[in-house]
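Input: a single structure, listed below in structure tokens.
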Amino acid sequence: MNKLSLIDLLSLVIRRDLVLAMRRRADVLTTLIFFVIVVSLFPLGVGPEMDMLRKMAPGVVWVAALLASMLSLGRMFSADYLDGTLEQMMLVPQSLSVLVLAKILAHWMVSGLPLVIMAPVLGLQFDMPTQALWVLIAALLLGTPILSMIGAVGAALTLGLRGGGALVSLLVLPLCIPVLIFGAGAVEAVVSGTSVGSHLSLLGALLLIALVFTPWVTALALRISME
Amino acid sequence: MAINWFKYSAPSTFYGVAGKMVPWFSWSAAILFVVGLYIGFFVAPTDIQQSEAYRIMFIHVPASILSMFIYLVMAGYAALGLIFNTRLSSMMASALAPTGALLAFLSLWTGALWGKPMWGAWWVWDARLTSELILLFLYLGFIALHASIDDPRRADRASALLAIIGSVNVPIIYFSVQWWNTLHQGATVKFTGTSMHVAMQQGMFTMMLAVWLYAIAVTLLRVRCIILERECKAQWVSELVEVRR
Amino acid sequence: MNWGEFFFMNGYAWYIWGSYGMALLIFFIEIVMVRHRKMLILEQLHLMRNVENVVT
Amino acid sequence: MLEVSNLACSRGDHLLFSDLNFSLSAGELLQVQGANGSGKTSLLRTLCGFMMPVAGEIRWRGQNIRELGDAFYAEMIYLGHLNAIKDELNALENLRISAGLAGCKVDDKQVIAALRRMGLRGRETLPVKVLSQGQRRRVALARLLLSNASLWILDEPLTALDVGAVELMQELIGKHLVSNGMVIYTTHQPLEVVGVATRWLALS
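Chains as they are written, first to last, in my numbering: chain A, 28 to 254; chain B, 23 to 267; chain C, 97 to 152; chain D, 9 to 212.
Structural data, given as structure tokens:
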């Protein structure tokens, strides 16, 4: 019997989720537009002084990215849960963790990557210097996958529950604090002229830890939720 | 002599055992509260730097330490329930959560009331305060997740997983908050007095023990309710004196 | 030391009694809530018992 | 091949059934019967490993399915209440993906043949959301044609199917059993497979 290799499974699930996302483009765009609007609202709230905006920019972009990624978490498993495809995925004769990892990666490509691409444009609104924009991109590239991974655990735990959206934020947001601190810290560091390396390497370490553990924990959470 | 732990881990047995233990814990907690408050307010001298305000510490410190400790105990029970599928440990975990959350809230409240006269602000983004706040969020997440799942077995297992993730994350969060705080040169006011007066130590210790015993007593009361709720169809429940009445 | 002075706490009265008052309130509320919960479940159990004893 | 011993299942804290024993060997058909809420679906979901039994054991070729894991999943196919098809994809894409996930490498010709066999000629490339309930069920059932699993676990396979499709299912099940397959299913509609004695399992 020809068994599916892990790489085949990974690419099959990623391609499937990307095709599905492309057929529901509106959902993807909503997350991105939400991100843009939240970031753009801040100057209206706190005033147009460029000094203050420049100082706030990293934190604002990061908090908005955090909220935007919460918004898209509901889609990660719930559609598959409601139409029964998740059940079938649990019967795949391969490690469920790999399948979960594929779904997380697809989710990140659809909801995290657009934020990373959009962020420098928003940074310009806040008059961030070029160097800081590069660091912002690097930090978001390292950080947004972690948000997707931690979010996946929350989404799996709250599968099919009433009020799942608000609940998942309550569960996931506290766990995202280190990402927020190091991510925004990296950008602040480059603005204030201190070393960026430690922030980014800590973020990288968090990414590695999350990469090792969260797919496994998410798979466990899915098994609990499907029972 | 080996104690048969499995016998005591059956909810039906534990219900009775807990019922017998509650009065002991609650009465000793009450007595210790009285003794602790007496030492705290009448025996312990006024602090040179903080004047009378330091007396808030007698409730603040026990509440803070216990709120953290209870989280670990809760996660431990939850893990036991998840791994060995023992129903009583899951019930204990969900019985501990509200007490832990209330103590975390009390710790924040008393911390703010101490901070205002000492630091001049109700709230500072100090590493310890921030971590305590996040701990409260973790408790609330646990309680909310458990409450929103109808199937009790799934609720136990899902919230157990959350508690374990939370307890793994607490050190990471604490470290990152502390790092962030030193970076921003936040509140540098430290708790004064490494050399505590003996009476202060005694007062603190007594209050600590009192809150501890109170937490055990109220948890046992709550776990008895949970056992009844979960086992309401069992034969032994319908034979209980309080039910047959 | 008289009682007035004691309650005044050298000007920290609000902070100190606010702390202990909240502690008292929390412990009180928690105990009341647990007792209420016990009452509810016992009522439910009585109801179940009565329904079971209905002869049809 | 499949042995169930002393199985007990609960939904939440409510015990559905206990001390359930049966076994199934190659070429046998087992119909699970019982009133609503008697635990038919729970039994099937436990057999799939979704739910943990309260007590007892499920063995496949002599080994507990929990220990077997992937090796067991490679030999079984489950069809639940839900069709497990995506509204946004067409029938062809749906089947290609579900066959891929089940570990079968299939080409489009096989998939199209399977869909036509299920009476979906001309519907292969339509988005599933425009199909009727019965047609969706047929898409889901077409997975059985593409799989080489020996154990079929079917939960109410006949819902929303018309007479023709029911006859087709009977034929498919018959063929599967002849080639030493095994089928466990629940249904409220009668299902008569020619030449095979249906075994019954009643849950009270």
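Cβ atoms here follow ideal geometry from the backbone N, Cα and C, with glycine treated the same way.
Quantities reported herein were computed from a predicted structural model and do not represent experimental measurements.
Spell out a yes or no on whether the segment 193–206 of chain B and the segment 202–219 of chain A are touching, meaning 3 or more CB-CB pairs, one atom from each, closer than 8 Å. yes
In angstroms, rounded to a whole number, what distance separates the CA positions of Gly-150 of chain A and Leu-140 of chain A? Taking the first residue of the first sequence as position 1, residue 150 of chain A is located at position 123. Taking the first residue of the first sequence as position 1, residue 140 of chain A is located at position 113. The straight-line gap from Cα to Cα measures roughly 16 Å.
Residue span of the beta strand (DSSP E) that contains Ala-210 of chain D, given as start and end: For the purposes of this step, residue 210 of chain D is taken as the residue at position 202 of the fourth sequence. Looking at the DSSP string, the run of the beta strand (DSSP E) that includes Ala-210 of chain D is 206–210.
Determine which residues share a DSSP beta bridge with Met-84 of chain D and list them. If you number the fourth sequence from 1, residue 84 of chain D lands on position 76. Its beta-bridge partners are D:Leu-159.
Once DSSP output is grouped into helix, strand and coil, what is the label at Phe-58 of chain D? Taking the first residue of the fourth sequence as 1, we reach residue 58 of chain D at position 50. Reduced to three states, the DSSP call for Phe-58 of chain D is coil.
What are the residues in the segment 232–262 of chain B lying within 8 Å of chain D by C-beta distance? Arg-252, Glu-253, Lys-255
Starting from the Cα of Val-147 of chain D, find the closest Cα among D:Ile-161, D:Asn-102, D:Glu-175, D:Phe-25 and give me that residue. Within the fourth sequence, the letter at position 139 stands for residue 147 of chain D. Closest option to Val-147 of chain D, Cα to Cα, is D:Asn-102.
State the DSSP-derived secondary structure class of Val-211 of chain B, mapped to helix, strand or coil. By 1-based counting over the second sequence, the position of residue 211 of chain B is 189. Its pLDDT being 46, under 50, Val-211 of chain B is placed unreliably by the model, and the measurement read from it follows with that caveat. Val-211 of chain B: coil per DSSP, three-state reduction.
Does any residue of chain B have a CB that is nearer than 8 Å to the CB of Asp-21 of chain D? Numbered from its first residue, the fourth sequence carries residue 21 of chain D at position 13. Asp-21 of chain D counts as touching chain B.
Pro-139 of chain B versus Ile-78 of chain B - alpha carbon distance: The residue you call residue 139 of chain B lines up with position 117 of the second sequence. The residue you call residue 78 of chain B lines up with position 56 of the second sequence. So the alpha carbons of these two residues sit roughly 11 Å apart.
Cutoff 8 Å: Ala-117 of chain B Cβ touching any chain A Cβ: The residue you call residue 117 of chain B lines up with position 95 of the second sequence. Judged by the 8 Å Cβ criterion, Ala-117 of chain B is not in contact with chain A.
CB Val-143 of chain A to CB Ala-179 of chain A, shorter than 8 Å? The count along the first sequence starts at 1 and reaches residue 143 of chain A at position 116. The count along the first sequence starts at 1 and reaches residue 179 of chain A at position 152. No, these two residues do not count as a Cβ contact at 8 Å.
Would you report the Cα separation of Ala-221 of chain B and Ser-73 of chain B, rounded to the nearest angstrom? Working through the second sequence from its first residue, we reach residue 221 of chain B at position 199. Working through the second sequence from its first residue, we reach residue 73 of chain B at position 51. One C-alpha to the other measures close to 15 Å.
Taking the Cβ atom as the reference point for each residue, do Leu-15 of chain D and Gly-64 of chain D lie within a distance shorter than 8 Å? Sequence index remark: in the fourth sequence, residue 15 of chain D carries index 7 (1-based). Sequence index remark: in the fourth sequence, residue 64 of chain D carries index 56 (1-based). Yes, Cβ-Cβ distance for Leu-15 of chain D and Gly-64 of chain D is below 8 Å.
Here's a check: name, in chain order, each residue in its chain whose Cβ is nearer than 8 Å to the Cβ of Ala-95 of chain A, leaving out the five neighbours to either side. Taking the first residue of the first sequence as position 1, residue 95 of chain A is located at position 68. Cβ within range, chain order: Thr-58, Leu-59, Phe-61, Phe-62, Val-65, Ser-138, Leu-142.
Residues of chain C with CB under 8 Å from Thr-132 of chain B, in chain order? Taking the second sequence and counting its residues from 1, one reaches residue 132 of chain B at position 110. Residues of chain C passing the Cβ test: Ser-115, Met-118, Ala-119.
Quick one, are the C-beta atoms of Thr-194 of chain D and Glu-164 of chain D less than 8 Å apart? Taking the fourth sequence and counting its residues from 1, one reaches residue 194 of chain D at position 186. Taking the fourth sequence and counting its residues from 1, one reaches residue 164 of chain D at position 156. The answer is yes: Cβ separation under 8 Å.
With a threshold of 8 Å between beta-carbons, can Glu-101 of chain C be considered close to chain B, or not? Start at 1 with the first residue of the third sequence, and residue 101 of chain C comes out as number 5. Closer than 8 Å: no.
For a quick check, are the C-beta atoms of Ile-122 of chain C and Cys-247 of chain B less than 8 Å apart? Numbered from its first residue, the third sequence carries residue 122 of chain C at position 26. Numbered from its first residue, the second sequence carries residue 247 of chain B at position 225. No. Outside cutoff.
Can you tell me where the beta strand (DSSP E) with Cys-247 of chain B in it begins and where it stops? To locate residue 247 of chain B, count along the second sequence from 1; it is residue 225. Not the beta strand (DSSP E): Cys-247 of chain B falls in the alpha helix (DSSP H), residues 220–252.
Roughly how many angstroms separate the alpha carbons of Asn-156 of chain D and Ala-107 of chain D, rounded to a whole number? To locate residue 156 of chain D, count along the fourth sequence from 1; it is residue 148. To locate residue 107 of chain D, count along the fourth sequence from 1; it is residue 99. Each residue's alpha carbon lies about 10 Å from the other.
Count the other C-beta atoms from every protein chain shown that fall within 10 angstroms of the C-beta of Asp-115 of chain D, then say buried if there are 16 or more, exposed otherwise. Working through the fourth sequence from its first residue, we reach residue 115 of chain D at position 107. By the neighbour-count rule (16 or more Cβ atoms within 10 Å), Asp-115 of chain D is not buried but exposed.
Is Phe-64 of chain B buried or exposed, if buried means 16 or more other CB atoms sit within 10 Å of its CB? As a working note, residue 64 of chain B is residue 42 in the second sequence. Looking at its Cβ environment, which holds fewer than 16 other Cβ atoms inside 10 Å, Phe-64 of chain B is exposed.
For the alpha helix (DSSP H) that Leu-76 of chain D lies in, which residues bound it at each end? Locating residue 76 of chain D in the fourth sequence gives position 68, counting from the first residue. Per DSSP, Leu-76 of chain D belongs to the alpha helix (DSSP H) from 73–76.
Inter-residue CB distance, Leu-211 of chain D and Lys-48 of chain D (contact presumed, cutoff 8 Å): The residue labelled residue 211 of chain D in the question sits at position 203 within the fourth sequence. The residue labelled residue 48 of chain D in the question sits at position 40 within the fourth sequence. Right, the Cβ-Cβ distance comes to about 6 Å (below 8 Å), so this counts as a contact.
Is Asn-149 of chain C close to chain B, meaning its C-beta is less than 8 Å from at least one C-beta of that chain? As a position in the third sequence, residue 149 of chain C is number 53, starting the count at 1. No, Asn-149 of chain C lies away from the interface with chain B (no Cβ there is under 8 Å from its Cβ).
Beta-carbon proximity check, Ala-101 of chain B vs Ala-182 of chain B, cutoff 8 Å: Against the second sequence, residue 101 of chain B aligns to sequence position 79. Against the second sequence, residue 182 of chain B aligns to sequence position 160. A contact, by the Cβ cut-off of 8 Å.
Proximity test, Cβ basis, 8 Å: Arg-189 of chain A and chain B: Working through the first sequence from its first residue, we reach residue 189 of chain A at position 162. Yes - at least one Cβ of chain B is within 8 Å of the one on Arg-189 of chain A.
Which residue or residues does DSSP assign as beta-bridge partners of Asp-69 of chain B? For this step, residue 69 of chain B is matched to residue 47 along the second sequence. Beta-bridge pairing links Asp-69 of chain B to B:Ser-73.
Output yes or no for whether 8 Å exceeds the beta carbon distance between Met-155 of chain A and Ala-92 of chain A. For the purposes of this step, residue 155 of chain A is identified with residue 128 of the first sequence, where counting begins at 1. For the purposes of this step, residue 92 of chain A is identified with residue 65 of the first sequence, where counting begins at 1. Taking 8 Å as the Cβ cut-off, Met-155 of chain A and Ala-92 of chain A do not qualify as a contacting pair.
Contact check, Gly-118 of chain A vs Tyr-81 of chain D, beta carbons under 8 Å: As a working mapping, residue 118 of chain A is identified with position 91 in the first sequence. As a working mapping, residue 81 of chain D is identified with position 73 in the fourth sequence. According to the sequence as given, residue 118 of chain A is Leu; it is not Gly. In contact: Leu-118 of chain A and Tyr-81 of chain D (Cβ atoms closer than 8 Å).
Can you grab the Cα-Cα spacing for the pair Leu-125 of chain B / Val-199 of chain A, in whole Å? Within the second sequence, numbered from 1, the residue matching residue 125 of chain B stands at position 103. Within the first sequence, numbered from 1, the residue matching residue 199 of chain A stands at position 172. Each residue's Cα considered, the two are about 22 Å apart.
So what's Asp-78 of chain A in DSSP terms, helix, strand or just coil? One-based indexing of the first sequence puts residue 78 of chain A at position 51. Note: Asp-78 of chain A maps to helix in three-state DSSP.
Please classify Ile-249 of chain B as buried or exposed, where buried requires at least 16 other C-beta atoms within 10 Å of its C-beta. The count along the second sequence starts at 1 and reaches residue 249 of chain B at position 227. When all chains shown are included, Ile-249 of chain B counts as buried.
Contact the segment 34–46 of chain B vs the segment 160–167 of chain A: 3+ CB pairs below 8 Å: no
Min CB distance Glu-132 of chain D to chain A below 8 Å: The residue you call residue 132 of chain D lines up with position 124 of the fourth sequence. No, no contact with chain A.
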